[in-house]
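Undergrad: Please find one structure pasted underneath; my questions will follow.
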C-alpha cells in the first residue's frame, strides 16, 4: 500500500491539485527535483511534444468522430448515474501503486458522491456549497471550496461531462485488443496543465458512456479508473450529496475561513 507521505493521484487529487495536508494528496514527488528529477521532467516534456506531433499526423476516423460527438451529447443530456469503480494509482518515481474500489454517484449539474471502501474507507462529497473528504477510521474530515472542483481539469470533470472532448482536447482513436467491446480514444489537452498532460477514455459505443478513464500528469504518474454496473439515474436525491461530520470528528476547514480547524 502507498504510504500517506508519498504523493499520488487519488480521489482527492482527482478533484484539485493544491490541497494541503492529509486530504487530497498530490500526484507530485515531494520536494524540489534534483538532477534525476530534472532529467525526468525533460523526458516527460519530450513525450508530450511527441504526442502533439503525432496528433498532427493522425486524425480520428469518421466513425470514431461520430462516437466522440455522441458521447458529448450523452453527457450534456445526462441527469445522473451510479456505478461501481476500481481505481489503480501509480507513482512513476517510486514505482509504488495502490488499488481502490467503491461506488460513484453523480447528479447534474455537479453533485458527486465518491465512496471508497477498500483499502480504507473514504467518502468524498461534492455538494452545492462545499466539498467534503471524510476518513472514517481517522475520524477526520476536510472541507474545500466547490470552485476548486468546478474550475479544475480533473477526473471528476470527465465523469460529470464538464470536459468538452472536442474543444478541450486533440482526439484520436487507438486500437486496443483488450478493450472488450469498448472504443479507446487518446486525448491530449490543447492547454496542458501539470495535473493533466495525457488521458485515455474507453467508451461503450452502445450507451455512449465512458467506462474507463486514465489520466497521466507531468511526472508520468497515472490514475486509472474503471466503472462497472453503471446505471443512468434521473431522480437521485440531493440528500445523497450532503455531508455532516459525525460528533467527535476533527474538521479541517480549507475554504478560506481563517484556515480554521474545527471539532464537531
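In our numbering, the protein residues as written are 0 to 263.
Just so you know, even glycine gets a beta-carbon here, dropped at the ideal spot from N, CA and C.
Who are the Cβ neighbours of residue 52 in its own chain at under 6 Å, not counting the five residues just before and after it?
TA: Against the chain shown, residue 52 aligns to sequence position 53. In this prediction, residue 52 scores a pLDDT of 40, lower than 50, which makes its location untrustworthy; the coordinate-derived value is nonetheless stated afterwards. Here the set comprises nothing.
Undergrad: For residue 165, which of helix, strand or coil comes out of DSSP?
TA: Taking the first residue of the chain shown as position 1, residue 165 is located at position 166. Three-state DSSP puts residue 165 in a helix.
Undergrad: What does the alpha-carbon distance come out to for the pair residue 76 and residue 100?
TA: Walking along the chain shown from the start, residue 76 turns up at place 77. Walking along the chain shown from the start, residue 100 turns up at place 101. Their Cα atoms are separated by approximately 27 Å.
Undergrad: Is residue 71 helix, strand or coil when you go by DSSP?
TA: Counted from its first residue, the chain shown places residue 71 at position 72. In this structure, residue 71 counts as helix in the three-state DSSP scheme.
Undergrad: Classify residue 174 as buried or exposed, calling it buried when 16 or more other Cβ atoms lie within 10 Å of its own Cβ.
TA: On the chain shown, residue 174 is found 175 positions in, with the first residue counted as 1. Classification of residue 174: exposed, given that the 10 Å Cβ count is below 16.
Undergrad: May I have the straight-line CA-CA distance separating residue 246 from residue 234, to the nearest angstrom?
TA: As a first step, residue 246 must be located in the chain shown, where it is residue number 247. As a first step, residue 234 must be located in the chain shown, where it is residue number 235. One C-alpha to the other measures close to 30 Å.
Undergrad: Could you give the DSSP three-state label for residue 224: helix, strand or coil?
TA: Sequence index remark: in the chain shown, residue 224 carries index 225 (1-based). Strand at residue 224.
Undergrad: Would you call the CB atoms of residue 129 and residue 142 closer than 7 Å?
TA: Translated into the one-based positions of the chain shown, residue 129 becomes position 130. Translated into the one-based positions of the chain shown, residue 142 becomes position 143. For residue 129 and residue 142, yes; Cβs fall inside 7 Å.
Undergrad: I need the DSSP call for residue 189, collapsed to helix, strand or coil.
TA: The residue you call residue 189 lines up with position 190 of the chain shown. Looking at residue 189 - three-state DSSP - the assignment turns out to be coil, as it is neither helix nor strand.
Undergrad: Could you say which of 223, 219 and 179 lies nearest to residue 203 if we only look at CA atoms?
TA: Taking the first residue of the chain shown as position 1, residue 203 is located at position 204. For residue 203, the nearest C-alpha among the options comes from 179.
Undergrad: State the DSSP-derived secondary structure class of residue 98, mapped to helix, strand or coil.
TA: Within the chain shown, numbered from 1, the residue matching residue 98 stands at position 99. Residue state, collapsed to three classes: strand.
Undergrad: Applying the criterion that 16 or more other CB atoms from any shown protein chain within 10 Å of the CB defines a buried residue, is residue 196 buried or exposed?
TA: On the chain shown, residue 196 is found 197 positions in, with the first residue counted as 1. With 16 or more other Cβ atoms within 10 Å, it is buried.
Undergrad: Cutting at 8 Å between CB atoms, please list the residues of its own chain near residue 163, excluding the five before and the five after it.
TA: In the chain shown, residue 163 corresponds to position 164, counting from 1. Same-chain partners within the cutoff: 71.
Undergrad: Closest to residue 224 by C-alpha separation, out of 176, 184 and 158, would be which residue?
TA: Looking up residue 224 in the chain shown gives position 225. For residue 224, the nearest C-alpha among the options comes from 158.
Undergrad: Of the residues 183, 199 and 188, which one's Cα is nearest the Cα of residue 166?
TA: For this step, residue 166 is matched to residue 167 along the chain shown. Checking every option, the nearest Cα to that of residue 166 belongs to 188.
Undergrad: For residue 118, tell me which candidate among 185, 136, 92 and 191 has the shortest Cα-Cα distance.
TA: If you number the chain shown from 1, residue 118 lands on position 119. Nearest option by C-alpha distance: 136.
Undergrad: With a 10 Å radius around its C-beta and 16 neighbouring C-beta atoms as the bar for buried, classify residue 94 as buried or exposed.
TA: Position 95 of the chain shown, counted from the first residue, corresponds to residue 94. Answer is exposed; the Cβ neighbour count stays below 16.
Undergrad: Taking C-alpha atoms, which residue in 115, 147 and 116 lies nearest to residue 126?
TA: Locating residue 126 in the chain shown gives position 127, counting from the first residue. It is 147 whose Cα lies nearest to the Cα of residue 126.
Undergrad: Under 8 Å by Cβ, that's how I've got residue 82 and residue 226 pegged, so tell me the actual separation to the nearest angstrom.
TA: If you number the chain shown from 1, residue 82 lands on position 83. If you number the chain shown from 1, residue 226 lands on position 227. Going by Cβ atoms, the distance from residue 82 to residue 226 rounds to 4 Å, so yes, they are a contact pair.
Undergrad: Tell me where the beta strand (DSSP E) around residue 84 begins and ends.
TA: Here residue 84 corresponds to residue number 85 of the chain shown, with the count starting at 1. 79–89 is the span of the beta strand (DSSP E), which, as asked, contains residue 84.
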